[in-house]
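Colleague: After the structure tokens below, expect a handful of questions from me.
2 protein chains.
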Amino acid sequence: MSAKPTTIKEIAKILNISPSSVSRGLHDHPSIGAVTREKIKQLAQSLNYQPNNAAILFQKGKTYTIGVILPELSEHFFSTAISAIEDEALKKNYTVIFAQSHDDYEQEVKLVEKMKNQRVDGLLVSISKDTSKFDHFERLNSFNIPVVFFDRIPPFKNVHYVACSIENATVKAVNYLLKKGHRTIGMINGPTTLFASEERKEGYMQAITFNRLKFDPSLIVNCDLTEKGTIEAANQFINHKRKPTAIVTFNDYVALFLIKYLKKANVVNEFDVVSFANLPFISYLDHTPIASIEQYPYLQGQKAANILLDLINSPNPESQAYYNTLVESDLVINSEKL
Amino acid sequence: MSAKPTTIKEIAKILNISPSSVSRGLHDHPSIGAVTREKIKQLAQSLNYQPNNAAILFQKGKTYTIGVILPELSEHFFSTAISAIEDEALKKNYTVIFAQSHDDYEQEVKLVEKMKNQRVDGLLVSISKDTSKFDHFERLNSFNIPVVFFDRIPPFKNVHYVACSIENATVKAVNYLLKKGHRTIGMINGPTTLFASEERKEGYMQAITFNRLKFDPSLIVNCDLTEKGTIEAANQFINHKRKPTAIVTFNDYVALFLIKYLKKANVVNEFDVVSFANLPFISYLDHTPIASIEQYPYLQGQKAANILLDLINSPNPESQAYYNTLVESDLVINSEKL
DNA sequence: CGAAATTAATCAAACGTTTGCGTAGTTTTT
DNA sequence: AAAAACTACGCAAACGTTTGATTAATTTCG
Numbered sequence: 000m001s002a003k004p005t006t007i008k009e010i011a012k013i014l015n016i017s018p019s020s021v022s023r024g025l026h027d028h029p030s031i032g033a034v035t036r037e038k039i040k041q042l043a044q045s046l047n048y049q050p051n052n053a054a055i056l057f058q059k060g061k062t063y064t065i066g067v068i069l070p071e072l073s074e075h076f077f078s079t080a081i082s083a084i085e086d087e088a089l090k091k092n093y094t095v096i097f098a099q100s101h102d103d104y105e106q107e108v109k110l111v112e113k114m115k116n117q118r119v120d121g122l123l124v125s126i127s128k129d130t131s132k133f134d135h136f137e138r139l140n141s142f143n144i145p146v147v148f149f150d151r152i153p154p155f156k157n158v159h160y161v162a163c164s165i166e167n168a169t170v171k172a173v174n175y176l177l178k179k180g181h182r183t184i185g186m187i188n189g190p191t192t193l194f195a196s197e198e199r200k201e202g203y204m205q206a207i208t209f210n211r212l213k214f215d216p217s218l219i220v221n222c223d224l225t226e227k228g229t230i231e232a233a234n235q236f237i238n239h240k241r242k243p244t245a246i247v248t249f250n251d252y253v254a255l256f257l258i259k260y261l262k263k264a265n266v267v268n269e270f271d272v273v274s275f276a277n278l279p280f281i282s283y284l285d286h287t288p289i290a291s292i293e294q295y296p297y298l299q300g301q302k303a304a305n306i307l308l309d310l311i312n313s314p315n316p317e318s319q320a321y322y323n324t325l326v327e328s329d330l331v332i333n334s335e336k337l
Numbered sequence: 000m001s002a003k004p005t006t007i008k009e010i011a012k013i014l015n016i017s018p019s020s021v022s023r024g025l026h027d028h029p030s031i032g033a034v035t036r037e038k039i040k041q042l043a044q045s046l047n048y049q050p051n052n053a054a055i056l057f058q059k060g061k062t063y064t065i066g067v068i069l070p071e072l073s074e075h076f077f078s079t080a081i082s083a084i085e086d087e088a089l090k091k092n093y094t095v096i097f098a099q100s101h102d103d104y105e106q107e108v109k110l111v112e113k114m115k116n117q118r119v120d121g122l123l124v125s126i127s128k129d130t131s132k133f134d135h136f137e138r139l140n141s142f143n144i145p146v147v148f149f150d151r152i153p154p155f156k157n158v159h160y161v162a163c164s165i166e167n168a169t170v171k172a173v174n175y176l177l178k179k180g181h182r183t184i185g186m187i188n189g190p191t192t193l194f195a196s197e198e199r200k201e202g203y204m205q206a207i208t209f210n211r212l213k214f215d216p217s218l219i220v221n222c223d224l225t226e227k228g229t230i231e232a233a234n235q236f237i238n239h240k241r242k243p244t245a246i247v248t249f250n251d252y253v254a255l256f257l258i259k260y261l262k263k264a265n266v267v268n269e270f271d272v273v274s275f276a277n278l279p280f281i282s283y284l285d286h287t288p289i290a291s292i293e294q295y296p297y298l299q300g301q302k303a304a305n306i307l308l309d310l311i312n313s314p315n316p317e318s319q320a321y322y323n324t325l326v327e328s329d330l331v332i333n334s335e336k337l
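Here you go:
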């Protein structure tokens with residue numbers, strides 16, 4: 000019943016030559032004559048020979064596999080990035096294995112360890128929300144396993160990373176609102192622990208001060224990104240002595256919570272909302288953010304994968320400078336509203 | 000710089016015993032004395048020994064890897080299912096490799112071949128839209144690689160599959176509309192080539208005839224699931240001599256296209272819409288389908304993965320009956336509208 | 001006390017492929 | 001015609017681990 004796959008040895012035996020010659024023949028090694036080579040290839044073909052990957056991986060000490068660790072596979076951003084990573088890896092004949100940390104630091108540590116044991120050739124990581132120590136990644140250095148971070152990256156430069164400049168994006172968002180005439184702009188930011196929150200704050204301040212406006216810290220409200228937290232933040236704005244006329248939100252979900260609440264409070268028309276992520280459904284909404292920052296997950300995934308594959312195949316990974324790639328983000332104006 | 004991982008041989012040499020003893024010691028083989036066993040384990044621990052997976056896989060001829068082939072990683076349904084598959088596999092210490100067919104038959108065939116070469120222990124597949132031949136899967140039989148289909152399954156029973164009964168779901172949807180008093184119900188169905196379209200039609204007819212209503216075939220319109228196609232279908236209903244008061248759509252996207260168009264045509268209040276998928280954003284919309292069929296992608300992924308792992312580890316896969324698992328679907332009433 | 005059983009370990013082969021080195025046999029060079 | 005070079009292939013080791021067969025030493029039992 001169970002057909003055993005053909006091996007090089009069998010081909011060798013049939014052709015009365017050595018396995019090494021078969022191997023070389025199949026790889027077009029110059030030391031195999033054209034006649035023999037063709038005989039080998041033809042027989043291999045007709046026996047439907049398929050190299051035993053496990054054996055090759057083992058022999059070469061390379062797995063042609065890259066690991067991807069990220070918080071949540073089912074989030075739109077990540078699933079899109081994954082799609083790109085998969086596509087790029089396939090082109091270069093690499094296999095991808097995924098694992099999700101579910102935003103848990105302990106789990107992330109375990110997964111890194113597991114990936115190492117799987118002997119992945121390299122790792123692509125988007126770190127979990129509560130990761131603040133990075134020695135589990137540093138340990139990979141001694142095994143020559145390169146790591147490229149993407150999107151959720153550690154807050155320092157001496158690693159390889161691909162990310163979107165949240166700061167620049169925030170500047171764009173705020174500038175857009177300023178250009179539309181808004182002078183009091185609120186921001187619902189994420190928890191202060193997140194680097195991304197820091198960046199948003201920086202961008203906000205940069206845009207405000209560049210335009211010679213006074214920065215009012217009370218217009219930035221930190222929020223846990225839940226619906227409840229968003230409502231609390233919304234109330235702060237509604238009751239603010241300098242009530243803002245526009246609000247920048249941490250992401251599209253927060254924007255949705257916000258708009259839902261603003262509608263309920265019957266003040267939805269008093270605010271323009273700009274948000275991050277540009278999720279596909281945004282354009283289907285009735286009351287939408289007037290714009291959303293597109294962070295190009297596919298592109299980010301693509302770049303990250305290519306950098307990693309470069310690192311894997313670079314002869315001297317030690318001497319490499321760090322790839323610090325910023326993907327530009329774009330403010331997508333919701334044309335329905337124009 | 001590059002630390003070579005510790006091997007069994009090295010441990011053996013240090014302890015002056017044979018590699019086989021080390022291997023057995025680490026695996027609690029009874030023929031290794033307790034004292035030696037502990038010595039082995041301690042040394043392994045302190046040298047941070049990690050078994051070389053590639054070597055084990057090669058030696059065992061098993062990869063502890065399952066392959067997953069599906070149309071599009073970034074679709075919500077699939078990314079959720081994947082999330083489940085990953086979680087289940089991890090529990091049983093299996094690794095998962097993914098690949099996307101992008102709904103292309105040729106690509107699917109290639110991927111199946113690639114997975115076979117990767118020597119996956121089993122395969123989880125959601126077939127591409129234009130797959131109508133299945134010999135690329137049948138070829139796996141002779142290699143003892145079990146296949147479990149999920150969600151998008153072939154139209155016959157002699158395979159393992161997990162899916163949602165679209166037919167039952169459609170019955171539920173139509174019954175719900177009938178209970179709400181609708182007597183003329185339209186359906187925007189998918190292309191006739193899709194098995195899922197067939198099932199929806201069956202369900203529709205079953206509900207209609209069970210309630211002793213006359214079945215009017217012109218109330219089912221096939222559609223290519225694009226926005227353009229949806230608009231054409233919508234127009235057919237709007238201009239229908241028996242204009243329906245409710246419409247069942249193939250999925251949430253079609254529902255969105257439909258509602259968008261109905262709004263533009265100023266007739267959105269003349270129709271109740273019920274749809275499939277229950278995408279998370281549905282509840283954020285202003286004009287939503289009044290209900291959507293939840294197909295529990297996480298559950299489906301979970302079940303499919305477990306069945307596959309069962310098959311992989313069953314001693315006699317040949318004698319197995321076929322798993323034909325139907326996951327119940329639920330009609331989720333959009334409470335915002337009630 | 002000798003045979004049988006148990007314990008604790010070793011030996012060697014095997015998994016499939018790759019690759020450095022060696023070696024016939026042939027051709028080219030001087 | 002001898003030396004050098006090239007062609008086409010074979011040999012054997014190596015990668016790390018597992019496992020069936022074997023052996024040596026110890027214990028148990030009648």
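Line order of the protein sequences matches chains U and W.
Its first residue numbered 0, the first sequence is counted upward by one per residue in numbering that gives the first Met the number 0.
Its first residue numbered 0, the second sequence is counted upward by one per residue in numbering that gives the first Met the number 0.
For each residue, glycine too, the CB sits at the ideal point set by N, CA and C.
Is the shortest distance between the beta-carbon of residue 199 of chain W and the beta-carbons of chain U less than 8 Å?
Modeller: Taking the second sequence and counting its residues from 1, the one referred to as residue 199 of chain W is at position 200. So, not an interface residue.
Colleague: Helix, strand or coil for residue 159 of chain W per DSSP?
Modeller: One-based indexing of the second sequence puts residue 159 of chain W at position 160. Strand at residue 159 of chain W.
Colleague: Decide if residue 288 of chain U is buried, meaning its Cβ has at least 16 other Cβ atoms within 10 Å, or exposed.
Modeller: Here the question's residue 288 of chain U lines up with position 289 in the first sequence. Residue 288 of chain U comes out buried.
Colleague: Is residue 333 of chain U helix, strand or coil by DSSP?
Modeller: Looking up residue 333 of chain U in the first sequence gives position 334. Note: residue 333 of chain U maps to coil in three-state DSSP.
Colleague: Residue 21 of chain W lies in the alpha helix (DSSP H); which residues open and close that run?
Modeller: Taking the first residue of the second sequence as position 1, residue 21 of chain W is located at position 22. Per DSSP, residue 21 of chain W belongs to the alpha helix (DSSP H) from 18–25.
Colleague: What residue range is occupied by the uninterrupted alpha helix (DSSP H) comprising residue 79 of chain U?
Modeller: Translated into positions along the first sequence, residue 79 of chain U becomes position 80. 75–90 is the extent of the alpha helix (DSSP H) around residue 79 of chain U.
Colleague: Relative to the C-alpha of residue 119 of chain W, which candidate in W:127, W:261, W:203, W:311 has its C-alpha closest?
Modeller: Position 120 of the second sequence, counting from 1, holds the residue named residue 119 of chain W. Of the listed residues, the one whose Cα sits closest to residue 119 of chain W is W:311.
Colleague: Any idea which residues DSSP pairs residue 293 of chain U with across the strands?
Modeller: Reading the first sequence from its first residue, position 294 is the one you call residue 293 of chain U. Looking at the DSSP assignment, residue 293 of chain U forms a beta bridge with U:329.
Colleague: Give me the Cα-Cα distance between residue 130 of chain W and residue 227 of chain W, rounded to the nearest whole angstrom.
Modeller: Your numbering for residue 130 of chain W matches position 131 in the second sequence. Your numbering for residue 227 of chain W matches position 228 in the second sequence. Spanning the two alpha carbons is a distance of roughly 24 Å.
Colleague: Out of curiosity, what's the CA-to-CA distance linking residue 336 of chain W and residue 284 of chain W?
Modeller: The count along the second sequence starts at 1 and reaches residue 336 of chain W at position 337. The count along the second sequence starts at 1 and reaches residue 284 of chain W at position 285. Confidence at residue 336 of chain W is low in this model, with a pLDDT of 37, below 50, so its placement is unreliable and the value that follows should be read with caution. Distance between the alpha carbons of residue 336 of chain W and residue 284 of chain W is about 11 Å.
Colleague: Cβ of residue 183 of chain U versus every heavy atom of the ligand MN: is any distance shorter than 7 Å?
Modeller: Absent from the structure shown: the ligand MN. Ligands present: none.
Colleague: My output table needs one value for residue 275 of chain W: the three-state DSSP class, helix, strand or coil.
Modeller: Translated into positions along the second sequence, residue 275 of chain W becomes position 276. If DSSP states are grouped into helix, strand and coil, residue 275 of chain W belongs with the strands.
Colleague: When you compare only the Cα positions, how much space is there between residue 135 of chain U and residue 28 of chain W?
Modeller: For the purposes of this step, residue 135 of chain U is taken as the residue at position 136 of the first sequence. For the purposes of this step, residue 28 of chain W is taken as the residue at position 29 of the second sequence. Distance between the alpha carbons of residue 135 of chain U and residue 28 of chain W is about 32 Å.
Colleague: Can you name the start and end residues of the alpha helix (DSSP H) that residue 270 of chain W belongs to?
Modeller: By one-based count along the second sequence, residue 270 of chain W stands at place 271. Segment: none, residue 270 of chain W is in no alpha helix (DSSP H) and carries neither H nor E.
Colleague: So what's residue 258 of chain U in DSSP terms, helix, strand or just coil?
Modeller: Reading the first sequence from its first residue, position 259 is the one you call residue 258 of chain U. Residue 258 of chain U falls in the helix class under three-state DSSP.
Colleague: Residue 140 of chain U lies in the alpha helix (DSSP H); which residues open and close that run?
Modeller: Along the first sequence, read from residue 1 onward, the residue named residue 140 of chain U stands at position 141. Note, residue 140 of chain U: alpha helix (DSSP H), 134–140.
Colleague: In the DSSP output, what is residue 114 of chain W paired with across the bridge?
Modeller: The residue given as residue 114 of chain W occupies position 115 in the second sequence. Answer is none; residue 114 of chain W lacks a bridge partner.
Colleague: In three-state DSSP terms, what is residue 0 of chain W?
Modeller: Along the second sequence, read from residue 1 onward, the residue named residue 0 of chain W stands at position 1. Bear in mind that a pLDDT of 45 at residue 0 of chain W, under 50, signals an unreliable position, so the number given afterwards is only what the model happens to contain. In this structure, residue 0 of chain W counts as coil in the three-state DSSP scheme.
Colleague: Using a Cβ cut-off of 8 Å (strictly closer), state whether residue 247 of chain W contacts chain U.
Modeller: As a first step, residue 247 of chain W is located in the second sequence; it is residue number 248 there, counting from the start. False, the Cβ-Cβ gap to chain U never drops below 8 Å.
Colleague: List the residues of chain W whose Cβ lies closer than 8 Å to the Cβ of residue 154 of chain U, in chain order.
Modeller: The residue you call residue 154 of chain U lines up with position 155 of the first sequence. In chain order: nothing, as chain W lies at least about 26 Å away.
Colleague: In this structure, what does DSSP give as the bridge partners for residue 64 of chain U?
Modeller: By one-based count along the first sequence, residue 64 of chain U stands at place 65. U:94.
Colleague: With DSSP as the reference, label residue 229 of chain U as helix, strand or coil.
Modeller: Counting from 1 along the first sequence, the entry for residue 229 of chain U is found at position 230. Residue state, collapsed to three classes: helix.
Colleague: Any C-beta of chain W sitting closer than 8 Å to the C-beta of residue 176 of chain U?
Modeller: Taking the first residue of the first sequence as 1, we reach residue 176 of chain U at position 177. Answer no: the Cβ-Cβ gap between residue 176 of chain U and chain W never drops below 8 Å.
Colleague: Please report the residue range of the beta strand (DSSP E) in which residue 208 of chain W lies.
Modeller: On the second sequence, position 209 is the one that residue 208 of chain W refers to. That residue, residue 208 of chain W, is in no beta strand (DSSP E); its alpha helix (DSSP H) goes 194–209.
Colleague: Sorted by chain position, which residues of the same chain lie with C-beta nearer than 6 Å to residue 0 of chain U's C-beta, five sequence neighbours on each side aside?
Modeller: On the first sequence, position 1 is the one that residue 0 of chain U refers to. Caution applies to residue 0 of chain U, whose pLDDT of 45 falls short of 50 and renders its modelled position unreliable; the value that the coordinates give is listed next. Same-chain partners within the cutoff: there are none.
Colleague: Cβ of residue 286 of chain U less than 8 Å from any chain W Cβ?
Modeller: On the first sequence, residue 286 of chain U is found 287 positions in, with the first residue counted as 1. It does: the Cβ of residue 286 of chain U has a partner Cβ on chain W nearer than 8 Å.
Colleague: Assuming residue 96 of chain U and residue 95 of chain W are in contact, meaning their beta carbons sit under 8 Å apart, how far apart are those beta carbons, in whole angstroms?
Modeller: Taking the first sequence and counting its residues from 1, one reaches residue 96 of chain U at position 97. Taking the second sequence and counting its residues from 1, one reaches residue 95 of chain W at position 96. About 7 Å; that satisfies the 8 Å criterion.
Colleague: Could you list the residues in the stretch 103–123 of chain W with a C-beta less than 9 Å from some C-beta on chain U, going in chain order?
Modeller: Listed by position, the residues of the stretch 103–123 of chain W near chain U (Cβ gap below 9 Å) are 110, 112, 113, 115, 116, 117, 118.
Colleague: Assign residue 49 of chain U to one of three DSSP states: helix, strand, or coil.
Modeller: What you label residue 49 of chain U is simply residue 50 of the first sequence in a count that begins at 1. DSSP places residue 49 of chain U in coil when its eight states are reduced to three.
Colleague: Label residue 58 of chain W either buried or exposed according to how many other C-beta atoms from any shown protein chain fall within 10 Å of its C-beta, with 16 as the threshold for buried.
Modeller: The residue labelled residue 58 of chain W in the question sits at position 59 within the second sequence. Label assigned to residue 58 of chain W: exposed.
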